[in-house]
Structure formats: structure tokens, C-alpha cells
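Participant: Protein chains in written order, with our numbering: chain A, 1 to 412; chain B, 1001 to 1172; chain C, 2001 to 2118.
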Amino acid sequence: MSFDVIDFLESLFKLTVADYLRQVFGVPEWIIDVVQIFILATFLLLNVLILIWLERKLISRFQDRIGPNRVGGRYGLLQSVADALKMLTKEFITPSGADRIAYNLAPFIIVVSALLMWAVIPFAPGVVGTDLNVGLFYILAVSSISVVALLLAGWGSNNKYALLGAFRSVAQLVSYEVPMVLALLIPIMLAGSMSLQRIVYAQEVWYILVVPLSAIIFLISALAELGRTPFDLLEAESEIVAGYHIEYSGMKWGMFMMSEFINAFFMSALFTTIYLGGWRGPGAVEYPLLGLVYFSIKTFLILFVLIWIRGTFPRVRIDQLLNFNWKFLVPITLVLIMAVALIVKLLPDDVSSWVLAAVLFMANLAIGLGALEIFRRSAHRQRQAVEAARNPGTAPVAGTSPEAHSAPASAH
Amino acid sequence: MTVQQVVFIIISAFTLLSAVIVVTDRNLFRSAIALMASFLGVAGLYILLDAGFLAVAQIIVYIGAISILIIFAIMMTRRMMQTVESPFNPRPISGAIAAVGVCALLIFIAVSTWPDVEAANVSDIVLRGSVSQMGRFLVSPDAYVIPFEVASVLLLAALIGAVAIARPEKDS
Amino acid sequence: MLSDWQFILLFSVIALVFPGAPILIAQLINPKKPNPIKQSTYECGVETVGDTWIQFKVQYYIFALVFVVFDVEAVFLFPIAAAFNQLALFAVMEIILFVVILLVALGYVWRKGALEWF
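#1: Could you tell me whether the Cβ of residue 2091 of chain C comes closer than 7 Å to any Cβ of chain B?
#2: Quick one: what's got a C-beta closer than 8 Å to residue 308 of chain A's C-beta in the same chain, skipping five residues either side?
#3: Can you confirm whether residue 14 of chain A, when its beta carbon is compared against all beta carbons of chain C, has any partner nearer than 7 Å?
#4: Residue 107 of chain A touches chain C at which residues, Cβ-Cβ below 9 Å?
#5: With 8 Å as the C-beta to C-beta threshold (strictly closer), list the residues of the stretch 207 to 232 of chain A near chain C in chain order.
#6: Name the one or two DSSP bridge partners that residue 1100 of chain B has.
#7: Buried or exposed for residue 225 of chain A, going by 16 or more other Cβ atoms inside 10 Å?
#8: Could you give the first and the last residue of the continuous beta strand (DSSP E) run that contains residue 123 of chain A?
#9: Out of B:1039, B:1135, B:1072 and B:1017, state which residue places its alpha-carbon closest to the alpha-carbon of residue 166 of chain A.
#10: So, with DSSP's three-state summary, where would you put residue 27 of chain A?
#11: I need the straight-line Cα distance from residue 179 of chain A to residue 12 of chain A, nearest angstrom please.
#12: Please state the DSSP three-state secondary structure of residue 1007 of chain B.
#13: Distance, Cα to Cα, residue 1013 of chain B vs residue 363 of chain A?
#14: Would residue 449 of chain A pass as an interface residue toward chain C - the criterion being a Cβ-Cβ separation below 7 Å?
#15: Would you mind giving the Cβ-Cβ distance between residue 1026 of chain B and residue 2112 of chain C, rounded to the nearest angstrom? I have them listed as a contact below 8 Å.
#16: Please name the residue or residues paired with residue 1023 of chain B in a DSSP beta bridge.
#17: How big is the Cα-Cα spacing for residue 71 of chain A and residue 118 of chain A?
#18: Quick check on this structure: which residue in A:92, A:50 and A:90 has the alpha carbon closest to the alpha carbon of residue 78 of chain A?
#19: Excluding the five sequence neighbours on either side, which residues of its own chain have a C-beta within less than 7 Å of the C-beta of residue 206 of chain A, listed in chain order?
#20: Going along chain B, which residues have a C-beta under 7 Å from residue 2086 of chain C?
#21: When the cut-off is 7 Å and only beta carbons count, does residue 144 of chain A lie next to chain B?
#22: In whole angstroms, what separates the C-alpha of residue 187 of chain A from that of residue 230 of chain A?
#23: Any chance you could list the alpha helix (DSSP H) runs of at least 4 consecutive residues sitting entirely within the stretch 159 to 246 of chain A, in chain order?
#24: Can you grab the Cα-Cα spacing for the pair residue 420 of chain A / residue 2068 of chain C, in whole Å?
#25: With H, G and I counted as helix, E and B as strand and the rest as coil, what does DSSP make of residue 127 of chain A?
#26: Just to make sure I have the definition right: I need the residues of chain A whose C-beta is within less than 9 Å of the C-beta of residue 1064 of chain B. Which are they?
#27: In angstroms with no decimal places, state the Cα-to-Cα distance between residue 232 of chain A and residue 299 of chain A.
#28: Name the residues in the stretch 193 to 208 of chain A whose C-beta lies less than 7 Å from a C-beta of chain B; which are they?
#29: Which of the three DSSP states, helix, strand or coil, is assigned to residue 67 of chain A?
#30: On the CB-based measure, 16 or more other CB atoms within 10 Å of its CB, does residue 1036 of chain B come out buried or exposed?
#31: Can you give me the start and stop residues for the alpha helix (DSSP H) that residue 299 of chain A sits inside?
#32: Buried or exposed: residue 421 of chain A, going by 16 or more other Cβ atoms within 10 Å of its Cβ?
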């Protein structure tokens, strides 16, 4: 076959460029892989600039102000470019006594692990980096590696505050990995595979409609894993200064910020893939480009939700954060796993997926409301105990009282 | 020299080098990091052996959980930055005898069985390496369900034991 | 199946370029004026007093410990979940037994007060 521009454009439209190039030029597989990786990684890095601008604009609108509006026209479109250029010209101030290898390795590892997770996300039917049969498991492994990067950064800085910040970060990340991992078990059970492409194919009914509680738990744990509000106490100005990246300056610090945004975008993409049907939509199978469009729309929607949450909720203290995780999220997720497993097996095999979806939805609702009720009662009892201790001899106040500040935000 | 062999040599060298650093480095924290690196190398070796699930499980459990536990334990029992120790054993003679003995045993085993080893007659099911196969084996009564349930009891026991030892004292 | 992982290997090698390039560019064009005051470790504006030593709370260790247990549990549950479609009802009972034992473990740790962050 010889190269034909029309055919090439058609393959671009059908997202089969790799096959076309292989047919025409006989390009070996690994070169195509390299090009794909370059395109993906470059897109992700440039996307970070867009995301930073988007977040700043949205947050400022939520806070009733305008946000960047000088650099690059009326909407400040080039603001992040200007910030990136500024960061490039800042000096690398290495603290004295820092462990060279650990200090310099940490920004690399954290960005590489943020990028590596994208290798298994399906963007359109037939378009996926590599469809590992342990795709979802692989994603968890790579996020474990980014935890290591945190420790390297904290310890390599030769600063006890950085080290302490790193430990607190690790405690938070490691705690919230448990409900995330357990919540992800449920879509795997429903789809019968850990491969992300198969999970998308299995979603005749989007899983957010089938197991909404699992989606909510995943979203909350993802927020904590990303270190975003309401779980961003490690970046707060009043907390242990800047945490584990306090001794980094210029572009090395920029790497930490970049990994944070890539991770936020990734969690949105993962949520879309697992719970919102990924690239699914009317006409996505015949026209793969449409699949890509649907995927992007859904991902940005979830990203908007993440930014919205940031603009809405107050920050949570670290003891509230850990209590919420181990005493509320983990038990409820375990109960949910058992309930879903039981229901799926108790219903007859040939029941339609919509009926199954409806039953599971009801069960999720019941478990969620039941858990909230139990939690509210126990919080009420705690409040009464505190009241009784403070005013001995006064009868405890029965009936409703305004929610105490110590109740975690998502219980409302 | 196929690509696979080159990759194998690189990964093995990386693993062995990290293992040497674990044992000889004076700074405890650095040896913990080298331990993580050697776990990563082992995961790479699992991938080369077509055991994808095992490699990923290795990373999640060993690097993501156990190494962090080890680092926290180091931090808890040493002053924060004062983690420098002498890496060498105070009893070199008995250590040397033990090391030479183990090495001789391993060499003997390898040499005596190597010429007769042939590729094992592995059934097709195992070679296709399906994760759902493993899942089915883990819960089927004539396969591994007993070890599976015993594992949960073991985890319960480990947690109870560790909490009993490490529990924070009730503040006076 | 090995070819799947080849992609990952290629990806990790190439992905090293992407943090490397900005850092390299920055290294080439940024000023280099080291002086001992700039390079002293940050301590909220005051000089470092004494060794770098702080009390390490045992809570960190306990949370890491509980995490190890639940991580191993998750590693067991993943292949079972992947095979879920082909399992009988009896298998669900076994799963429930497994999860209940670990809920008991969590309950024990909770009761013993080891989940408090002081």
C-alpha cells in the first residue's frame, strides 16, 4: 500500500492511525508505542496548564471574584504559562546536609508515577495504552510508589518539619487507600474483570446508577488521596508550613504541583471509566472519535465537581480525618461488599441488568442511609455525654440539636 | 542476546545491588529505601516470569505497606536523624561459617539438579495465567479455601498481637 | 501478555524524560548563588537549636500496621472479585466469613483505643 492523504485522514478520524501506519510503512510495534507515549505524556503536561487556569478561574468565581484576567487577554488564558516560565528561572536552593540522591529523585518519581497510571485508561473503543488484565490493580500499585516519593522528599530535605509533614501525608494517604481499594472491588465484582476496558464494556447501565454508594466512597477517598480540600490540611497555610516539599524551590517544586494536578485529572478519568461508563455513549462504537469526546466531557465534569467541592467545604482536622476513615468509611465499605456480593448471587442469573441495577441501587441507598443514621445517633449520644459532663445535674437535652462541628463534612 | 535477556540482566543487577546496599549501608533509612528498590526489582522479575498479578501484588503489599511500616518502626526506635549504625556483625567468625555453609548448600543443589532439569510440563491453564482462575481456586472447597480462611485468622492474630504491643499508653 | 508489560517498561523509561526536561532547562537558565544562610534548613525563621530530633508518635506505626492488614485482605479479595461471575453462592458465604473476621479485627483495634490520634 502506498501513502494516501485521504486514507490517513480517515484513519485519524477512525482512531486507527497505528494500524494504518503499520500497513503502509511497516513501522515496528515499539516505535508506534513510543510515539503514542510521547503524545499522551505531552498532552498531559500541557493539560496541567489548562487545569491550573481552570481551577483558579472556577475557585475565584465561587468566591465571588474574577481571578486571573491580565495575562493573555480578558480571561487570563496565558496565566499558567507565565507562572511556568517564572518557575523555570528560580534558583534551586538545596538545603545543607540534604541527601543528594533522595532529594533529587523524589520529584522524578512522583511525576513518573503520576504519568504511568495513564497507561491503562481506555480513551475510546480500541484506544488504550495497554489493556493489562490486572489494570485496576496496577493503578493501585503505581499510587503506592508515589507514596514512597513523599518519604524520599521528606527525608532527603534534612528538615524535621519536612519529615514530620511527610509522615502525616503518608498516614493520610495510606489510611484512605483502604476504602478506595475496597470500594473498587465492587465494580470488579459486577464486571468480572480487573481490566479497565472490560469494565467499560460491561457497563450497559453506568455503575454510578447501580452502586452509587461505592462511587461516593471512591470519590471521598480519591479526594483524600489527592490531598485536596476538604482533606488538604498538609498544604494549609496554618499547618506545618508546606509539608514535605518545603525545601524545594523552582522547577523541582513545580514537579510536585504538576504531579498533584495530573493525579487530580487521573482520578477524574478513573471515576469516569469505572462509574460513568468511560467512553460509552450513543454512537461511540461506530465512531470511536465520539467515544473520545464523551470521555473528555465526563472527565471534565468530574473535575468540575472536584473543584466545586474545594470551593465549598471547610478543611478537616487530621484526627477527624483519620476517625472518619477508620470508624466510618472502612466498616461501611466492607458491609457494602458483603451486601453486593450477596444480592448479585441471590438474584437469578438471567435477570435483566436494569432489574439488577434497581435492586442494588435500593440496597446501596438503604446501607448509606442506615450508616448515616447510626452515625448521627452515636454523635448525638457523644454530645449528650459531653453536655452531662459539663453541667452535672442538668437533665440531658432530648431531641435534635444543631450538628456539632466535629461531625465530618460529608455526613451532612 | 535477546532483549528479554538484557532486561533480565539489568533487573537482576539492580535487585542485587540494592540488596547489597540494604545490608552494608550505615544509614538505616537509606537501607530501607534500598530495600524498597530491591522489592521493585523482584516485581520486575515476576513480570519476566509472566506473573503479572504477583508483580503488582508485590508492589502494593511490600513497597506500599510493609516498607512504610519498616520505615515507621525505624523512626520510632531511633532518634529522628540519628539512624547511623555500624553494618557489621560483632561476631564475624560464626557469621562467616554460616554464610559459607548456606552458599555451599545452594551450589550443591543447583549443580546436582541442573543437567537433568527440563521445562516443566505445565498445563495450558496455568500458562494462560488467568486471574479469575486464581480467584476460583481461592474459594473452591477442593482447592485453597482453607488456607484462604486461615489467612484471615492469621491477619486477625497479627493485628491483635501488634496492637497489644504497640498500643499507646492510656494517658494518665 | 509480556508484550503488555513491555509497553509499561517503555512508558516508564520515556516518562523519565518529562520531569527531566523542565528540570534540565531550569538548571541551565536559573541563577546559582549559594550562600550558607539561604541553604540552612527552614525552621519558621529561627536558627535550628539542637539535634534534628522530634518525638515520633506511635500512632503513625499503628495506622501503618492496620493498613498492612487491610492491604493484604484487599490483595486476597481482588482475584476473588475478578472471578465473581463464575462462583457459586457458597463462595459468597466464604467471602462473607473472610470479611467478617476482618471486621472483628477492626472492631478490636477500635475498642482498644488504638485508632485515636492524640
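We treat Cβ as the ideally placed atom computed from N, Cα and C, and that holds for glycine.
Facilitator: Judging by the given coordinates:
#1: Output row for residue 2091 of chain C: interface = yes.
#2: Answer for residue 308 of chain A: 58 and 62, listed in chain order.
#3: Cβ-Cβ to chain C under 7 Å: no for residue 14 of chain A.
#4: Residues of chain C passing the Cβ test: 2019 and 2023.
#5: Going along the stretch 207 to 232 of chain A in chain order, one finds no residue with a Cβ nearer than 8 Å to chain C.
#6: Answer is none; residue 1100 of chain B lacks a bridge partner.
#7: The residue in question, residue 225 of chain A, is buried, as its Cβ has 16 or more Cβ neighbours within 10 Å.
#8: Going by DSSP, residue 123 of chain A is part of the beta strand (DSSP E) stretching over 122 to 124.
#9: Closest by alpha carbon: B:1072.
#10: Reduced to three states, the DSSP call for residue 27 of chain A is coil.
#11: Within the model, the alpha-carbon separation for residue 179 of chain A versus residue 12 of chain A is close to 40 Å.
#12: It is helical.
#13: For residue 1013 of chain B and residue 363 of chain A, the distance between alpha carbons rounds to 53 Å.
#14: Only positions 1 to 412 of chain A appear in this structure, which leaves residue 449 of chain A out of reach.
#15: Not really, about 37 Å apart at Cβ, beyond 8 Å.
#16: Paired residue(s): none; residue 1023 of chain B is not in a bridge.
#17: Cα to Cα, the separation comes out at about 31 Å.
#18: For residue 78 of chain A, the nearest C-alpha among the options comes from A:50.
#19: Around residue 206 of chain A: 275, 276 and 277.
#20: Against chain B, a Cβ distance below 7 Å from residue 2086 of chain C picks out 1132 and 1136.
#21: Taking Cβ atoms only, chain B reaches closer than 7 Å to residue 144 of chain A, which makes this a yes.
#22: Taking C-alpha positions only, residue 187 of chain A is separated from residue 230 of chain A by approximately 26 Å.
#23: The qualifying runs are 160 to 191, 196 to 201, 207 to 210 and 212 to 226.
#24: Residue coverage of chain A in this structure runs from 1 to 412, which leaves residue 420 of chain A outside it and unanswerable.
#25: It is a strand residue.
#26: 140, 141, 143, 144, 145, 147, 148, 174 and 177, listed in chain order.
#27: Straight-line spacing of the CA atoms in residue 232 of chain A and residue 299 of chain A works out to 22 Å.
#28: Listed in sequence order: 194.
#29: Collapsing the DSSP output to three states places residue 67 of chain A in coil.
#30: That one is buried.
#31: First-last of the alpha helix (DSSP H) with residue 299 of chain A: 288 to 312.
#32: Nothing about residue 421 of chain A can be read from this structure; chain A reaches only from 1 to 412.
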